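So the mapping is simple: this note's numbering equals the position in the sequence shown, first residue as 1, plus 8.
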Amino acid sequence: MLDEVKKCILDAKRNKERRLIVLAGNAREMFKLCINPIEREFKGKKLCFVSSELNGNAFVEILRNTDMECEFFHYDASEDLLGTTFDILVMDMRLGVLPNDFGRLISIVRGPGIILLLVPEMEKFKNIITLLHKKFVVYPYEFEDARRNFNRWFVEKLFESRGVAIFENGEIIKRITPKKKSVLREKIEIPEDRIFDRKIYKLCLTSDQVNFLSMSGDILKRRRGVFVLTSHRGRGKSSVLGLMLAAISKYLERNEKYETFNVNVTSPRLRNVLELFRFFKRGCKKLGMEFREKSKNEITSERIRIEYLSPNEVRFSRADLLIVDEAASIPIKLLLASLKVSPIVFYSTTIHGYEGCGRVFQIRFLEKLRKKTSNFLEYEMTEPIRYSKDDEIEKFLFRVLLLDAEPPDIDPEINLGDIRYERVKIENLLFRNEKLLKEIFGIFINAHYRNNPNDFGVICDAPHHSIRILKFKNIPIASIQLAEEGSLGEVAYEMYLGRIYSGNLIPDRVIKHYRIPEFGRFKGKRIVRIAVHPSLFGRGIGSKALKFLENELRDNGYDWVGASFGATPKLLNFWLRNNYRIIHISPMENPVTGEFSTIVIKPLSDNCKKYLDMVEDEFRIKFIDSLVDPYFNLETDLALKILSSFKTRDEKLEMSEIQWKRFFAYA
Numbered sequence: 009m010l011d012e013v014k015k016c017i018l019d020a021k022r023n024k025e026r027r028l029i030v031l032a033g034n035a036r037e038m039f040k041l042c043i044n045p046i047e048r049e050f051k052g053k054k055l056c057f058v059s060s061e062l063n064g065n066a067f068v069e070i071l072r073n074t075d076m077e078c079e080f081f082h083y084d085a086s087e088d089l090l091g092t093t094f095d096i097l098v099m100d101m102r103l104g105v106l107p108n109d110f111g112r113l114i115s116i117v118r119g120p121g122i123i124l125l126l127v128p129e130m131e132k133f134k135n136i137i138t139l140l141h142k143k144f145v146v147y148p149y150e151f152e153d154a155r156r157n158f159n160r161w162f163v164e165k166l167f168e169s170r171g172v173a174i175f176e177n178g179e180i181i182k183r184i185t186p187k188k189k190s191v192l193r194e195k196i197e198i199p200e201d202r203i204f205d206r207k208i209y210k211l212c213l214t215s216d217q218v219n220f221l222s223m224s225g226d227i228l229k230r231r232r233g234v235f236v237l238t239s240h241r242g243r244g245k246s247s248v249l250g251l252m253l254a255a256i257s258k259y260l261e262r263n264e265k266y267e268t269f270n271v272n273v274t275s276p277r278l279r280n281v282l283e284l285f286r287f288f289k290r291g292c293k294k295l296g297m298e299f300r301e302k303s304k305n306e307i308t309s310e311r312i313r314i315e316y317l318s319p320n321e322v323r324f325s326r327a328d329l330l331i332v333d334e335a336a337s338i339p340i341k342l343l344l345a346s347l348k349v350s351p352i353v354f355y356s357t358t359i360h361g362y363e364g365c366g367r368v369f370q371i372r373f374l375e376k377l378r379k380k381t382s383n384f385l386e387y388e389m390t391e392p393i394r395y396s397k398d399d400e401i402e403k404f405l406f407r408v409l410l411l412d413a414e415p416p417d418i419d420p421e422i423n424l425g426d427i428r429y430e431r432v433k434i435e436n437l438l439f440r441n442e443k444l445l446k447e448i449f450g451i452f453i454n455a456h457y458r459n460n461p462n463d464f465g466v467i468c469d470a471p472h473h474s475i476r477i478l479k480f481k482n483i484p485i486a487s488i489q490l491a492e493e494g495s496l497g498e499v500a501y502e503m504y505l506g507r508i509y510s511g512n513l514i515p516d517r518v519i520k521h522y523r524i525p526e527f528g529r530f531k532g533k534r535i536v537r538i539a540v541h542p543s544l545f546g547r548g549i550g551s552k553a554l555k556f557l558e559n560e561l562r563d564n565g566y567d568w569v570g571a572s573f574g575a576t577p578k579l580l581n582f583w584l585r586n587n588y589r590i591i592h593i594s595p596m597e598n599p600v601t602g603e604f605s606t607i608v609i610k611p612l613s614d615n616c617k618k619y620l621d622m623v624e625d626e627f628r629i630k631f632i633d634s635l636v637d638p639y640f641n642l643e644t645d646l647a648l649k650i651l652s653s654f655k656t657r658d659e660k661l662e663m664s665e666i667q668w669k670r671f672f673a674y675a
């Protein structure tokens, strides 16, 4: 066992990659053994230990007695660890792990580095109730009802990876496959024709970063333009944007045009741009400039002022330069609005990963951008910062979390003939048809700007979730993810009285907002996501998918089908065109997206229709009364779309005596 651990360390160092070691079963004793060679080779290096339980954790005590710089975290801190860097990662996965957390944490390890996973015996690990199950299992299901697909899939991918070694109770059950030749990093050459100080280029770690800095200088000279920067995770986008701002600050010393150059930075969360701020400060130090941190979201230096604003706030701002980081996680509406904020706009985004889907950004937003913008530049960074570009653990991560999922190739002009509707079992996709799985998930990813690995975990294991697809000539062209809701029995009355149950989103809103506990007894399906192949938008495929689904549900005794989403005029029009009724709009807009969460529903049984007629009438009254507040900032087009969806009525309009007197007083 020790020899194999040493081989992993040697192979990682030789190739500047990461290697992953799984300790299954009696992990404590194996951990004691293998931590010694790791400590010798990584003495003084940084180790990150993550667990769902730190108090009384035996592994914590073992690590406290090593000569490594150890830090200990709960899984809840995984988002905060993004942007940090460690040499060794130990993940206590004896209770499983959320896919989101796994994806984030693997990315914090640089090469050469070692990742240790502590798990039960492999067969037991495949079948345990995990943190994922505890997060999504909803009434009337119990934890035992959860499917056990994700961990089975996870184990299968571990065995397929060249960079993974697996030990079980001291026995080697899988060895790594050592690499014969490492992939060398490209030599960095600083351009002679440049506007930024040579010193800032010396902080770049890849040729990609150098190229970006050089190209960004061109846009600055023109004082107008749009730059789109894309990459996979870990390529140094945020860091090079920070270096660029430091370089601009130095450049402005020689330029009298700006008294203060105002830069606005936006991203879904402030923590997404902390790396940018950190490298701005590093760049300032390198260039001999002072800086001042006015608050956690504002920093100044020389003649430049940088401030973070949320995506919803930034559209009302004005600046000399705007940076939109992780742009694919931001709705198209807000991205288009951001073009008016500044004459110079930089969009940076991850084209795969849990921050968002870059393909929908590329397909929907960039096409509009190219048409609207004359001075337009694009650059994709491909070389990783922290490890070799051929890193085996990055390959494993992409496979296990479907970060490499893409829709199938299809001719957008194809004449669609016979379309088939199918219910697909997730088990068949995972273990018999991985190609179809990636195509289906690729369609989901391309149509929704908010995607993360937990979505994949839910599809794998949630007992109340299922998938439908439309196929043309054996090619998936549309995907639907469904959640079973309703059939609540006595629980509906408990919800009516205020008790909170997770899940059952649509019954919950109807029962609590319209005080109709009887609605809880109806059986329904909520459409979590419906997505059409990006090359086939606008051809009625989504509407066909809905009709197929509605017929299936009617035949199987369902009472309703509905959906919840962030409303836009175009999206709402799709549902209204298919005769869905609006029954709820959140009183508050999403602080990141600026959208109002909306519920639409279609009755499938006559009994359910009676109740939904009442709900629709009540919603009409509530909505009209609420247009002044809380819906005062609802988009005009969206408000008109909602108002036009109401049924016309022959009602006699009368004013009271007091209203008449007020009318004459105003007149």
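Think of the CB as a built atom: it goes at the ideal place given N, C-alpha and C, for glycine as much as any other residue.
All values reported here derive from a predicted model rather than from experimental measurement.
*Determine the DSSP secondary structure at Glu388, reduced to helix, strand or coil.*
strand
*Identify which residue in Lys555, Ser474 and Asp417 has its Cα closest to the Cα of His541.*
Asp417
*asked:* For Tyr674, count the other beta carbons within 10 Å of its own beta carbon; 16 or more makes it buried, fewer makes it exposed. Which is it?
replied: exposed
*On the three-state DSSP scale, how would you describe Cys78?*
Strand.
*Helix, strand or coil: how does DSSP classify Arg118 here?*
strand
*Neighbour-count burial assignment, Lys54, 16 or more Cβ in a 10 Å radius*: buried
*Whose C-beta lies closer than 7 Å to the C-beta of Leu377 among residues of the same chain, with five residues either side of it excluded?*
Val234 and Phe384
*From the DSSP output, which residues share a beta bridge with Ser356?*
Leu237 and Asp333
*asked:* Going residue by residue through the segment 25-112, where are the continuous beta strand (DSSP E) segments of at least 3 residues, counting only ones entirely within it?
replied: 26-32, 54-59, 77-82 and 94-100
*Thinking C-beta only, is Arg102 closer than 8 Å to Leu126?*
yes
_Quick check on the burial criterion: 16 or more other C-beta atoms within 10 angstroms. Buried or exposed for Glu129?_
Its Cβ having fewer than 16 others within 10 Å, Glu129 is exposed.
*Would you kindly work out how many angstroms separate the C-alpha atoms of Asn34 and Phe175, rounded to a whole number?*
10 Å
*Under 7 Å Cβ to Cβ from Ile590, same chain only, skipping five residues before and after it: list those, please.*
Thr606, Val608, Phe627, Ile650 and Ser653
*State the beta-bridge partners of Phe604 as determined by DSSP.*
Glu597
*What separation, rounded to the nearest whole angstrom, lies between the Cα atoms of Ser309 and Gly244?*
22 Å
*Could you check what DSSP says for Ile3 in three-state terms: helix, strand or coil?*
Nothing about residue 3 can be read from this structure; the chain reaches only from 9 to 675.
*Between the CA atoms of Lys533 and Lys552 - distance to the nearest angstrom*: 17 Å
*Just mark Met38 as buried or exposed, buried being the case when its beta carbon has 16 or more other beta carbons within 10 Å.*
buried
_Paired residues, beta bridge with Val172 - DSSP_ = Leu28
*Under the three-state DSSP convention, the category Ala491 falls into*: strand
*Is it the case that the Cβ atoms of Lys3 and Leu89 are separated by a distance below 8 Å?*
Absent from the structure is residue 3, since the part of the chain shown begins at 9 and ends at 675.
*asked:* Counting beta carbon pairs with one atom in the segment 104-123 and one in the segment 11-27, are three or more of them shorter than 8 Å?
replied: yes
*Can you tell me the Cα-Cα spacing of Gly493 and Ile535, whole angstroms?*
The amino acid at residue 493 is misidentified as Gly; the sequence shows Glu. Roughly 10 Å between the two C-alpha positions.
*DSSP three-state assignment for His521, whether helix, strand or coil*: helix
*asked:* Could you check whether Ile203 and Val218 sit closer than 8 Å to each other, using their CB atoms as the reference points?
replied: no
*Output the boundary residues of the alpha helix (DSSP H) element that contains Val466.*
Pro461 to Asp469
*Is it right to say Gln667 is buried, meaning 16 or more other beta carbons lie within 10 angstroms of its own, or is it exposed?*
Classification for Gln667: exposed.
*Residue range of the beta strand (DSSP E) that Phe480 falls in?*
His473 to Phe480
*Is Ser303 near the ligand FMN, in the sense that its beta carbon is under 7 Å from a heavy atom of that ligand?*
In terms of ligand content, the structure shown is empty, and the ligand FMN therefore cannot be addressed.
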